[in-house]
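Trainee: Right, I'll just put the structure down here and ask away after.
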Ligand code: ADP
Ligand code: MG
């Protein structure tokens, strides 16, 4: 047996159990051993029954003195038994468990773990459905695993035990010996044994230290390797900063923060080694103009530039913004999945021979057929929507181009370190002057009529509005408002005489673009839409947004959506509609009515959803962490980061024999990235 062995061959598993393990994502021995306990129960020191306090959870040792008997009740199967530890008595009560009768023979001694209660009539001590183990074998800490139907935590524990003993002595150590010594870490086998079957709490802590360190080290090595390709090399050096020339074309003056970002990036472009910079700024802070300024100077210097956006709508919009801004001066091409073949051939030919200096597009820019003659600057917008690999894949199309990534999603610092590594960060912490904060309200559907009247007032005054729904079509499982039906209702009944449009993700790109065009030009006044408008869409004349079933969206997502309004000089209003009466949902929505600060929203989102969701693989394109917690394991993040830097300094491509296991870990990590759809 080795780590790759099918879980089916572990003692006690077989085909039925195999499918249950599969439900937990466990198909191999390795997956089993890396399925870490979510908690532990202390069975090591059973207390005397007479010390068991009602209301508390504890472990007692007792001999069955009256065997389990079924108690007649009308509704449920109830089984009761009595145990004694020689001084005190405790009644055990089980519901709906007919097997327990066989499991508790009279005269035998067991450990019982559960919550103590007092019988409501006699006051006798009771335990309701306690978990049990044979006495003499079970007195230790026990792991608690997330379980699934037909597969209990106890069964998982037992299977882990079998697997560990079958593998004893045959584990290949995955960290170099010198690192174990330097950081005082347990070996792999000991760490895995201790995390599952610890002798005491201190052992869990030491096992965890080792596993967390390794996980973070692997992750950071992978990130650094991905992006240090080309570091230390030379990049095109910008001779002239033409920002002043560019500013003359802008219809507005930049904010101080935008200026500072441009200056910081300019300094990178002029220094001769590749820029690696993140521009972070809340929705509406004007990141596009920052990118445009850099692109202008770069193209004027004879470089080619590429700008990648996560959706076709956004790519289209950037294309229009840029062509309007640059006019004839900088020929610009748009490359997306729906660019017609013939057109695409022309574009790719022009990019390849260098005659087209600038391409805006989606991930279509990453395809094989898109090649550049002299790619000098790569910009990725809404970078959190892309995987790590996608970002680097675009840069790989140039020798060592400068890269600028832009994001509105503030992330915890430790996570930033991991994702961006040694990326430099510029922050736009100022909104363009004259912006009024979006006033936000949270109401129930009782307010619909009033809200419709309110919207009409805005439309009559020449403004435009969004109505956002979570779903496109009607669905049997849910009572959410579907966008299509709602659109017809609003168009025909409520907003009769107004011009209403519909936009959703299932439409063809061409139709989407046409609908957007109508809205941008003001031909439609009210746009009923799904979240396809979430990122980047910029129509300053739209000043009202109504979000139906608001409880269905995450806070950060609502904030992004709300960022579509409040973009011009007019006051804007966002109305969140929800009938979810529960406190948690309302509390979430209320937060948005109190703040417009994306950072506050993100922090709160992180707090409410927990790091698991917030940092879910989809958010940032990283594999899910199995044991490390980026929010709480701050010290280890820094330690692993420093170690990763040292390793790569000494052995940039992990070719030394002592790094063979790390190189292997990197291969597996990249396979995981690929599995998560990141390349
Ligand atoms: P985001 O940072 O969310 O990408 P955008 O770049 O889309 O924001 O800018 C939002 C809107 O603000 C756009 O309509 C843009 O033209 C406008 N804008 C950007 N910078 C300024 C500025 N300094 N003054 C006035 N309007 C600005
Ligand atoms: Mg943007």
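In the working numbering, the protein residues as written are 149 to 827.
We put the CB at the ideal spot given by N, CA and C, even for glycine.
#1: Can you tell me the Cα-Cα spacing of residue 762 and residue 679, whole angstroms?
#2: For residue 398, count neighbouring C-beta atoms within 10 Å of its own C-beta (all shown protein chains included) and say buried if the count is 16 or more, exposed if not.
#3: Hey, residue 275 and residue 286 are a contact pair by Cβ (cut 8 Å); roughly how many whole angstroms apart?
#4: Closer than 7 Å to a non-hydrogen atom of the ligand ADP - does that hold for the CB of residue 406?
#5: Does the ligand ADP have a heavy atom nearer than 7 Å to the CB of residue 686?
#6: May I ask you to check if the CB of residue 743 is nearer than 7 Å to at least one heavy atom of the ligand MG?
#7: What three-state label does DSSP hand residue 671 in the structure shown?
#8: Please state whether DSSP places residue 290 in a helix, a strand or coil.
#9: Considering only C-alpha positions, which residue in the set 206, 238 and 366 is nearest to residue 818?
#10: Give me, in chain order, the residues of the same chain whose beta-carbon lies closer than 8 Å to that of residue 253; leave out the 5 immediate sequence neighbours on both sides.
#11: Taking the beta strand (DSSP E) that residue 583 belongs to, which residues open and close that run?
#12: Check whether the stretch 240 to 257 touches the stretch 306 to 323, taking contact to mean three or more Cβ pairs, one atom from each stretch, closer than 8 Å.
#13: Using a threshold of 7 Å, is the CB atom of residue 529 nearer than that to any non-hydrogen atom of the ligand MG?
#14: Could you tell me whether the stretch 289 to 309 touches the stretch 161 to 171, using the rule of 3 or more Cβ pairs below 8 Å?
#15: Between the stretch 666 to 674 and the stretch 608 to 616, do three or more beta carbon pairs fall short of 8 Å?
#16: Taking just the CA atoms, how far does residue 154 sit from residue 258?
#17: Taking a contact to mean a Cβ-Cβ separation below 8 Å, would you say residue 553 touches residue 512 in this structure?
#18: Look up residue 823 in the DSSP assignment and say whether it is helix, strand or coil.
#19: Where do the ends of the beta strand (DSSP E) carrying residue 206 lie?
#20: If you follow the alpha helix (DSSP H) that residue 704 is part of, which residue opens it and which one closes it?
#21: Under a three-way DSSP split, which group does residue 201 fall into?
#22: Counting pairs of beta carbons, one from the stretch 381 to 391 and one from the stretch 444 to 451, are three or more of them closer than 8 Å?
#23: Going by Cα to Cα distance, which pick from 655, 777, 243 and 172 is closest to residue 221?
#24: How do the stretch 774 to 793 and the stretch 353 to 360 stand: do at least 3 beta-carbon pairs fall below 8 Å, yes or no?
#25: Under a three-way DSSP split, which group does residue 794 fall into?
#26: What is the DSSP secondary structure of residue 337, counted as helix, strand or coil?
#27: Taking 6 Å as the limit between beta carbons, can you name the residues of its chain near residue 236, skipping five residues before and five after?
#28: Give me the DSSP bridge partner(s) of residue 154.
#29: Using the Cα positions of residue 422 and residue 385, report the straight-line distance between them to the nearest angstrom.
#30: Taking all protein chains shown into account, do 16 or more other C-beta atoms lie within 10 angstroms of the C-beta of residue 708, making it buried, or fewer, making it exposed?
#31: Measuring alpha carbon to alpha carbon, tell me which of 693, 645 and 466 ends up nearest residue 611.
#32: Since I believe residue 369 is in contact with residue 795 (beta carbons under 8 Å), could you give me their beta-carbon distance rounded to a whole number of angstroms?
#33: Cutting at 7 Å between CB atoms, please list the residues of its own chain near residue 543, excluding the five before and the five after it.
#34: Find out if the Cβ-Cβ distance for the pair residue 660, residue 461 is shorter than 8 Å.
#35: Heavy atom of the ligand ADP less than 7 Å from the Cβ of residue 450, yes or no?
#36: Do three or more CB pairs link the stretch 712 to 730 to the stretch 497 to 508 at distances below 8 Å?
Mentor: Per the coordinate set shown:
#1: If you number the chain shown from 1, residue 762 lands on position 614. If you number the chain shown from 1, residue 679 lands on position 531. Confidence at residue 762 is low in this model, with a pLDDT of 47, below 50, so the placement of that residue should be treated as unreliable; the coordinate-derived value is given next. Spanning the two alpha carbons is a distance of roughly 18 Å.
#2: As a working mapping, residue 398 is identified with position 250 in the chain shown. The residue in question, residue 398, is exposed, as its Cβ has fewer than 16 Cβ neighbours within 10 Å.
#3: Residue mapping note: residue 275 aligns to position 127 of the chain shown, counting from 1. Residue mapping note: residue 286 aligns to position 138 of the chain shown, counting from 1. Not quite, the Cβ-Cβ distance comes to about 16 Å (not below 8 Å), so this is no contact.
#4: As a first step, residue 406 is located in the chain shown; it is residue number 258 there, counting from the start. For the ligand ADP, at least one heavy atom lies less than 7 Å from the Cβ of residue 406.
#5: Indexing the chain shown from 1 puts residue 686 at position 538. Yes, since a heavy atom of the ligand ADP falls inside the 7 Å radius drawn around the Cβ of residue 686.
#6: Position 595 of the chain shown holds residue 743. No, the Cβ of residue 743 stays beyond 7 Å of every heavy atom of the ligand MG.
#7: Translated into positions along the chain shown, residue 671 becomes position 523. Residue 671 falls in the coil class under three-state DSSP.
#8: In the chain shown, residue 290 corresponds to position 142, counting from 1. Assigned with DSSP and collapsed to three states, residue 290 falls in strand.
#9: As a working note, residue 818 is residue 670 in the chain shown. Minimum Cα distance to residue 818 is reached at 366.
#10: Counting from one through the chain shown, the residue named residue 253 turns up at place 105. For residue 253, where only same-chain residues beyond five positions count, the Cβ hits under 8 Å are 212 and 215.
#11: As a position in the chain shown, residue 583 is number 435, starting the count at 1. In the DSSP assignment, residue 583 falls outside any beta strand (DSSP E), carrying neither H nor E.
#12: Verdict: no, contact absent.
#13: Within the chain shown, the letter at position 381 stands for residue 529. Yes, the beta carbon of residue 529 sits closer than 7 Å to at least one heavy atom of the ligand MG.
#14: Contact between the stretch 289 to 309 and the stretch 161 to 171 is present: 3 or more CB-CB pairs across the two stretches fall below 8 Å.
#15: Judged by Cβ distances under 8 Å, the stretch 666 to 674 makes contact with the stretch 608 to 616, as three or more pairs qualify.
#16: Along the chain shown, read from residue 1 onward, the residue named residue 258 stands at position 110. Along the chain shown, read from residue 1 onward, the residue named residue 154 stands at position 6. Cα to Cα, residue 258 sits roughly 33 Å from residue 154.
#17: What you label residue 553 is simply residue 405 of the chain shown in a count that begins at 1. What you label residue 512 is simply residue 364 of the chain shown in a count that begins at 1. Taking 8 Å as the cut-off, the Cβ atoms of residue 553 and residue 512 do not count as close.
#18: Position 675 of the chain shown, counting from 1, holds the residue named residue 823. Here residue 823 scores only 48 on pLDDT, less than 50, and its place in the model is too uncertain to base an answer on.
#19: Position 58 of the chain shown, counted from the first residue, corresponds to residue 206. Annotation: the continuous beta strand (DSSP E) that includes residue 206 extends over 205 to 219.
#20: On the chain shown, position 556 is the one that residue 704 refers to. First-last of the alpha helix (DSSP H) with residue 704: 703 to 710.
#21: As a working mapping, residue 201 is identified with position 53 in the chain shown. Coil at residue 201, not helix or strand.
#22: Contact holds: three or more Cβ-Cβ distances are below 8 Å.
#23: Numbered from its first residue, the chain shown carries residue 221 at position 73. For the residues 655, 777, 243 and 172, the minimum Cα distance to residue 221 belongs to 243.
#24: Touching, yes.
#25: Along the chain shown, one-based indexing puts residue 794 at 646. In the structure shown, residue 794 falls within a helical segment according to DSSP collapsed to helix, strand and coil.
#26: The residue you call residue 337 lines up with position 189 of the chain shown. Residue state for residue 337 is assigned as helix, using DSSP reduced to three classes.
#27: Reading the chain shown from its first residue, position 88 is the one you call residue 236. So the list reads 197 and 198, once near-sequence residues are dropped.
#28: Taking the first residue of the chain shown as position 1, residue 154 is located at position 6. Under DSSP, the beta-bridge partners assigned to residue 154 are 176.
#29: In the chain shown, the residue the question calls residue 422 occupies position 274. In the chain shown, the residue the question calls residue 385 occupies position 237. Rounded to the nearest angstrom, the two C-alpha atoms are 9 Å apart.
#30: Residue mapping note: residue 708 aligns to position 560 of the chain shown, counting from 1. Counting the other CB atoms within 10 Å of its CB gives residue 708 a total of 16 or more, which places it among the buried residues.
#31: Here residue 611 refers to the residue found at position 463 when the chain shown is read from its first residue. Residue 693 is the option with its Cα nearest to residue 611.
#32: Start at 1 with the first residue of the chain shown, and residue 795 comes out as number 647. Start at 1 with the first residue of the chain shown, and residue 369 comes out as number 221. Yes, residue 795 and residue 369 are in contact; Cβ-Cβ is about 7 Å, under 8 Å.
#33: In the chain shown, residue 543 corresponds to position 395, counting from 1. If we look at residue 543 and ignore the five residues flanking it on each side, its Cβ neighbours are 526, 549 and 551.
#34: One-based indexing of the chain shown puts residue 660 at position 512. One-based indexing of the chain shown puts residue 461 at position 313. In contact: residue 660 and residue 461 (Cβ atoms closer than 8 Å).
#35: Here the question's residue 450 lines up with position 302 in the chain shown. For the ligand ADP, not one heavy atom lies less than 7 Å from the Cβ of residue 450.
#36: Touching, no.
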